[in-house]
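Asks: Got a structure for you, questions after.
There are 2 protein chains.
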Amino acid sequence: MATIRDVAKKAGVSIATVSRVINNKGTIRKETKETVQQAIKDLAYTPNMVARGLSNRRSYAVALIVPTITNPFFPEMARAVEDIARENGYNVLLCNTDDRRDRLIDYIDSLSSQYVDGIIINSHNIMREDLQKLKSLGIPLVMMDRVLQDHDFTSITVKNREGGRMATEHLVEVGCKRIAHISGLEDTLNATHRMWGYRDVVSNMPWFDPSWIGMAEFSVQSGYQVAKELFSRHPEIDGIFCSNDLIAIGALKAAYEWGKKIPNELAIVGFDGIDMSRLTVPSITTIQQPIYHMGQLAMKELLKQIEERNNEPKKFELNVDFVLRESTMR
Amino acid sequence: MATIRDVAKKAGVSIATVSRVINNKGTIRKETKETVQQAIKDLAYTPNMVARGLSNRRSYAVALIVPTITNPFFPEMARAVEDIARENGYNVLLCNTDDRRDRLIDYIDSLSSQYVDGIIINSHNIMREDLQKLKSLGIPLVMMDRVLQDHDFTSITVKNREGGRMATEHLVEVGCKRIAHISGLEDTLNATHRMWGYRDVVSNMPWFDPSWIGMAEFSVQSGYQVAKELFSRHPEIDGIFCSNDLIAIGALKAAYEWGKKIPNELAIVGFDGIDMSRLTVPSITTIQQPIYHMGQLAMKELLKQIEERNNEPKKFELNVDFVLRESTMR
DNA sequence: TTATAATATATAACCGGTTACATTTCAATA
DNA sequence: TATTGAAATGTAACCGGTTATATATTATAA
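Below is the structure:
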């Protein structure tokens with residue numbers, strides 16, 4: 000592999016000049032520029048990104064930290080992040096924490112010694128001290144989806160509470176009399192907000208008490224189990240609002256095994272709008288997050304922070320859409 | 000951020016000694032070692048990976064090129080790759096080509112500027128000349144799943160033909176009389192092999208002709224459409240072997256809309272064993288690939304090539320497992 | 001023609017590690 | 001005690017870029 004010194008020698012100039020040509024900085028005579036460009040072409044020279052990174056403390060890479068890449072929500076988002084990153088000459092480091100705090104910490108530590116130019120973080124495991132650490136290192140940061148209660152970073156979420164309300168109201172409208180909720184991971188803010196949306200609608204109903212809320216994780220397996228618990232605790236259940244689509248898919252399966260007909264005996268609403276929710280049988284009514292858009296936005300905001308040093312935190316709270324499908328079409 | 004020189008100064012030794020302590024190389028007196036380790040701890044020093052990379056001619060990053068990150072097969076694999084990478088101090092660059100050759104080429108070009116230590120590539124769009132380019136640059140490479148016909152690189156696939164045979168034989172065993180096949184992307188070798196497995200079983204049957212084979216892409220949408228075409232072309236159809244699970248999910252949905260009862264009127268077998276195939280209603284009988292294991296293996300083999308300069312190509316052809324589920328449980 | 005300013009290019013330090021080679025320390029042997 | 005070689009540590013070059021500063025070249029004004 001040719002280095003900048005090879006190019007300089009071949010073109011009969013100094014390495015500084017070559018560097019200037021490559022980066023379009025400073026002033027260069029036209030002929031000099033052409034000579035250098037020819038030498039670059041002849042030697043098929045490409046700058047070594049590691050050396051460049053060491054010198055400018057940049058890597059042209061951003062880290063995308065996700066809790067579980069196997070939840071389809073995240074690949075959809077990752078795709079958007081990656082699209083914008085690529086268009087702007089950045090690479091995306093995939094960091095999957097598997098919902099484990101130790102892994103998150105590992106990543107935060109190792110990323111800071113790698114000149115990662117920015118981080119998009121999506122993890123409920125994050126704590127204020129971690130953010131502080133990244134901030135003190137000056138690493139641009141965008142938080143997504145699962146964010147902390149309050150913070151002074153750019154963050155992107157959706158109107159979770161409103162979405163929860165929309166979902167639950169819809170169940171009421173289609174005639175459900177006993178509506179349960181399966182909440183996602185206990186300590187995530189988005190799950191909590193969705194639950195409050197549910198409570199906004201049902202808390203004044205005479206039958207309601209907290210036993211109608213089941214606690215799950217954001218997974219099919221967990222949704223399946225908790226749905227079954229709810230069925231045996233409340234046989235009269237006729238509607239469930241699930242904190243995400245994976246849980247809804249689990250509930251669907253539980254209902255099928257329990258012999259409950261969907262939507263007539265049990266109506267189900269999910270949240271997220273992952274592609275899979277369209278594709279199940281029956282398809283699942285859901286509250287759609289603008290997943291791709293969120294990923295794009297996150298990456299664009301991160302780029303702004305990186306390239307414009309524009310560091311005032313912005314908090315985005317995007318709208319969600321109600322999507323009617325078979326699981327509530329009575 | 001503390002540098003190695005800070006540590007050296009604090010411990011009262013030279014930077015060479017610190018480096019030796021960090022990397023466990025050469026000979027160091029026990030007390031010296033302890034002093035240095037204490038200084039490292041005091042300063043919360045972590046070696047700068049970029050500087051280290053420049054010296055070692057490494058970036059400690061590998062690229063994972065996938066065709067469509069939204070097909071759950073790939074996140075499952077990515078998770079495995081990432082697990083092994085992380086354990087060994089490497090980062091994973093996510094490269095999603097969206098099944099487009101222009102993006103693949105972009106990636107190959109940009110990655111070849113000494114940006115990554117190795118590439119795991121999973122794309123049917125790759126051509127011999129691309130591989131040659133990477134080879135001439137000396138970048139370690141592992142091909143996965145969708146590989147070229149013949150090549151001299153390490154590759155990891157499964158016994159696709161045998162899997163196709165197993166799937167089709169199973170449909171015969173449960174009593175299917177007219178078995179169709181929905182094949183995946185036309186020019187991928189794995190789809191072709193699965194189709195040949197199907198043909199091995201049915202080609203001598205009196206009813207068989209090529210109109211029983213539908214060509215789809217590896218997606219739910221495409222499986223759905225092609226299944227409907229098959230239903231109208233061959234109303235007597237009572238079994239389908241689908242080239243992957245996404246296609247099978249599409250077929251499931253088509254059957255549901257068409258009013259065909261599964262499994263009694265139509266039995267369906269998929270391929271891959273993505274998590275989702277367990278979770279549909281009904282669950283889908285499938286040919287399970289060892290997805291996680293394949294990802295691990297790919298990354299381990301890549302590491303061998305990177306760190307041991309062990310470059311003789313190995314071709315792995317892993318076993319698949321038959322998994323019985325509801326979609327064929329008559 | 002000479003002084004001066006503007007433009008173009010070169011030199012050398014630096015980013016933060018690794019490592020070949022040189023030097024020092026110290027125990028074992030003559 | 002002097003000699004020798006192994007063990008421990010230090011010095012300095014190097015990886016391949018960027019860039020501040022110095023220097024050379026050219027254009028402009030006096």
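Residue numbers (numbering that gives the first Met the number 0), protein chains in the order written: chain R, 0 to 329; chain W, 0 to 329. Just so you know, even glycine gets a beta-carbon here, dropped at the ideal spot from N, CA and C.
Mind checking if Pro-74 (chain R) is an interface residue toward chain W, Cβ cutoff 7 Å exclusive?
Replies: Looking up residue 74 (chain R) in the first sequence gives position 75. At least one chain W Cβ lies under 7 Å of Pro-74 (chain R).
Asks: Under 8 Å between beta-carbons, which chain R residues line up against Ile-68 (chain W)? List them in chain order, please.
Replies: If you number the second sequence from 1, residue 68 (chain W) lands on position 69. Result: Pro-74, Ala-77, Arg-78 and Glu-81.
Asks: Report the partner residues of Gln-287 (chain W) according to the DSSP bridge assignment.
Replies: If you number the second sequence from 1, residue 287 (chain W) lands on position 288. DSSP output for Gln-287 (chain W) lists W:Asp-271 and W:Asp-320 as bridge partner(s).
Asks: DSSP three-state label for Phe-240 (chain R), please.
Replies: Locating residue 240 (chain R) in the first sequence gives position 241, counting from the first residue. Three-state result, Phe-240 (chain R): strand.
Asks: Would you report the Cα separation of Lys-158 (chain R) and Glu-216 (chain R), rounded to the nearest angstrom?
Replies: In the first sequence, the residue the question calls residue 158 (chain R) occupies position 159. In the first sequence, the residue the question calls residue 216 (chain R) occupies position 217. In this structure, the CA atom of Lys-158 (chain R) is about 20 Å from the CA atom of Glu-216 (chain R).
Asks: Work out the CA separation of Leu-170 (chain W) and Leu-103 (chain R) for me, nearest whole Å.
Replies: Translated into positions along the first sequence, residue 103 (chain R) becomes position 104. Translated into positions along the second sequence, residue 170 (chain W) becomes position 171. Distance between the alpha carbons of Leu-103 (chain R) and Leu-170 (chain W): 46 Å.
Asks: What are the residues that DSSP puts in a beta bridge with Val-157 (chain W)?
Replies: Numbered from its first residue, the second sequence carries residue 157 (chain W) at position 158. Beta bridge pairing from DSSP links Val-157 (chain W) with W:Leu-317.
Asks: Just list the residues that DSSP pairs Leu-265 (chain R) with in beta bridges.
Replies: Here residue 265 (chain R) corresponds to residue number 266 of the first sequence, with the count starting at 1. DSSP output for Leu-265 (chain R) lists no bridge partner at all.
Asks: Since Met-143 (chain W) is in the alpha helix (DSSP H), which residue starts that stretch and which ends it?
Replies: Counting from 1 along the second sequence, the entry for residue 143 (chain W) is found at position 144. Careful: Met-143 (chain W) lies outside any alpha helix (DSSP H), inside the beta strand (DSSP E) at 140-143.
Asks: Please name the residues in the segment 234-251 of chain W whose beta-carbon is closer than 7 Å to at least one beta-carbon of chain R, in chain order.
Replies: Ile-248 and Leu-251
Asks: To the nearest angstrom, report how far apart Gln-287 (chain R) and Lys-8 (chain W) are at their CA atoms.
Replies: In the first sequence, the residue the question calls residue 287 (chain R) occupies position 288. In the second sequence, the residue the question calls residue 8 (chain W) occupies position 9. Computed Cα separation, rounded: 57 Å.
Asks: Here's the rule I'm using: 16 or more other beta-carbon atoms within 10 Å means buried, otherwise exposed. How should Lys-252 (chain R) be labelled?
Replies: Here residue 252 (chain R) refers to the residue found at position 253 of the first sequence. That one is buried.
Asks: Helix, strand or coil for Asn-121 (chain W) per DSSP?
Replies: For the purposes of this step, residue 121 (chain W) is taken as the residue at position 122 of the second sequence. Coil, per DSSP.
Asks: Answer yes or no: do Ser-135 (chain R) and Arg-193 (chain R) have a C-beta to C-beta separation smaller than 7 Å?
Replies: Along the first sequence, one-based indexing puts residue 135 (chain R) at 136. Along the first sequence, one-based indexing puts residue 193 (chain R) at 194. No, the pair does not count as a contact, with Cβ atoms beyond the cut-off.
Asks: If we count Cβ pairs, one from each stretch, closer than 8 Å, do we get three or more for the segment 11-22 of chain W versus the segment 308-328 of chain R?
Replies: No, the segment 11-22 of chain W does not touch the segment 308-328 of chain R.
Asks: List, in order along the chain, the chain W residues whose C-beta lies closer than 7 Å to that of Leu-53 (chain R)?
Replies: Here residue 53 (chain R) refers to the residue found at position 54 of the first sequence. Correct list: Val-49, Ala-50 and Leu-53.
Asks: Put Gly-88 (chain R) into one of helix, strand or coil per three-state DSSP.
Replies: Here residue 88 (chain R) is taken as the residue at index 89 of the first sequence, counted from 1. Looking at Gly-88 (chain R) - three-state DSSP - the assignment turns out to be coil, as it is neither helix nor strand.
Asks: Which chain W residues are close to Pro-71 (chain R), counting only those with a beta carbon under 9 Å from its beta carbon?
Replies: For the purposes of this step, residue 71 (chain R) is identified with residue 72 of the first sequence, where counting begins at 1. What Pro-71 (chain R) touches in chain W: Thr-69, Pro-71, Pro-74 and Met-275.
Asks: Please compile the residues from chain R whose C-beta is within a distance smaller than 8 Å of the C-beta of Pro-46 (chain W).
Replies: The count along the second sequence starts at 1 and reaches residue 46 (chain W) at position 47. Here the neighbours are Ser-112.
Asks: For the alpha helix (DSSP H) that contains Met-194 (chain W), what are its first and last residues?
Replies: Taking the second sequence and counting its residues from 1, one reaches residue 194 (chain W) at position 195. Note, Met-194 (chain W): alpha helix (DSSP H), 188-201.
Asks: State the DSSP-derived secondary structure class of Ala-43 (chain W), mapped to helix, strand or coil.
Replies: Numbered from 1 along the second sequence, position 44 holds the residue referred to as residue 43 (chain W). Residue state, collapsed to three classes: coil.
Asks: Just to confirm, are Ser-326 (chain W) and Ile-283 (chain W) a CB contact at a threshold of 7 Å?
Replies: For the purposes of this step, residue 326 (chain W) is taken as the residue at position 327 of the second sequence. For the purposes of this step, residue 283 (chain W) is taken as the residue at position 284 of the second sequence. It is a contact, given that the beta carbons lie within the stated cut-off.
Asks: Within the 7 Å Cβ cut-off, does Val-201 (chain W) reach chain R?
Replies: To locate residue 201 (chain W), count along the second sequence from 1; it is residue 202. No, Val-201 (chain W) does not count as interfacial toward chain R.
Asks: Quick test of your reading: Leu-265 (chain R) and Ile-236 (chain R), contact by CB under 8 Å. State the CB separation rounded to the nearest angstrom.
Replies: Sequence index remark: in the first sequence, residue 265 (chain R) carries index 266 (1-based). Sequence index remark: in the first sequence, residue 236 (chain R) carries index 237 (1-based). Contact holds; Cβ gap of about 7 Å.
Asks: Who does Met-293 (chain R) pair with in a DSSP beta bridge?
Replies: Residue mapping note: residue 293 (chain R) aligns to position 294 of the first sequence, counting from 1. DSSP lists no partner for Met-293 (chain R).
Asks: For Ile-83 (chain W) and Met-76 (chain R), what's the separation of their Cα atoms in angstroms?
Replies: Walking along the second sequence from the start, residue 83 (chain W) turns up at place 84. Walking along the first sequence from the start, residue 76 (chain R) turns up at place 77. Computed Cα separation, rounded: 23 Å.
Asks: Using a Cβ-Cβ cut-off of 6 Å (strictly less than) and excluding sequence neighbours within five positions of Lys-227 (chain R), which residues of its own chain qualify?
Replies: Translated into the one-based positions of the first sequence, residue 227 (chain R) becomes position 228. These residues qualify, in order along the chain: Ala-253.
Asks: Using beta carbons (cut-off 7 Å, strictly below), is Tyr-89 (chain W) in contact with chain R?
Replies: As a working mapping, residue 89 (chain W) is identified with position 90 in the second sequence. So, not an interface residue.
Asks: Is the CB of Asn-95 (chain R) under 7 Å away from at least one CB in chain W?
Replies: By one-based count along the first sequence, residue 95 (chain R) stands at place 96. So, interface residue.
Asks: Please classify Ala-43 (chain W): is it buried, with 16 or more other beta-carbons within 10 angstroms of its beta-carbon, or exposed?
Replies: Residue mapping note: residue 43 (chain W) aligns to position 44 of the second sequence, counting from 1. The C-beta of Ala-43 (chain W) has fewer than 16 other C-beta atoms within 10 Å across all chains shown, which makes the residue exposed.
Asks: For the ligand SAM, I want to know if Ala-10 (chain R) counts as a neighbour, meaning its beta carbon is within less than 6 Å of at least one of the ligand's heavy atoms.
Replies: The ligand content of the structure shown is nil, which means the ligand SAM is not present either.
Asks: Starting from the Cα of Ile-125 (chain R), find the closest Cα among R:Asp-116, R:Gly-249, R:Tyr-106 and R:Tyr-114 and give me that residue.
Replies: Against the first sequence, residue 125 (chain R) aligns to sequence position 126. For Ile-125 (chain R), the nearest C-alpha among the options comes from R:Tyr-106.
Asks: Can you tell me which of the three DSSP states Asn-309 (chain W) falls into?
Replies: Within the second sequence, numbered from 1, the residue matching residue 309 (chain W) stands at position 310. Looking at Asn-309 (chain W) - three-state DSSP - the assignment turns out to be coil, as it is neither helix nor strand.
Asks: Report the neighbours of Tyr-255 (chain W) on chain R: residues whose CB is nearer than 7 Å to its CB, in chain order.
Replies: For the purposes of this step, residue 255 (chain W) is taken as the residue at position 256 of the second sequence. Near Tyr-255 (chain W) (Cβ distances below 7 Å), the residues of chain R are Val-280.
Asks: Rounded to a whole number of angstroms, what is the C-alpha to C-alpha distance between Ala-247 (chain W) and Leu-296 (chain R)?
Replies: For this step, residue 247 (chain W) is matched to residue 248 along the second sequence. For this step, residue 296 (chain R) is matched to residue 297 along the first sequence. Ala-247 (chain W) and Leu-296 (chain R): Cα-Cα distance of roughly 34 Å.
Asks: Which residue marks the beginning of the beta strand (DSSP E) containing Ser-18 (chain R), and which one marks its end?
Replies: The sequence position of residue 18 (chain R) within the first sequence is 19, counting from 1. Element bounds for Ser-18 (chain R): not the beta strand (DSSP E) but the alpha helix (DSSP H), 14-22.
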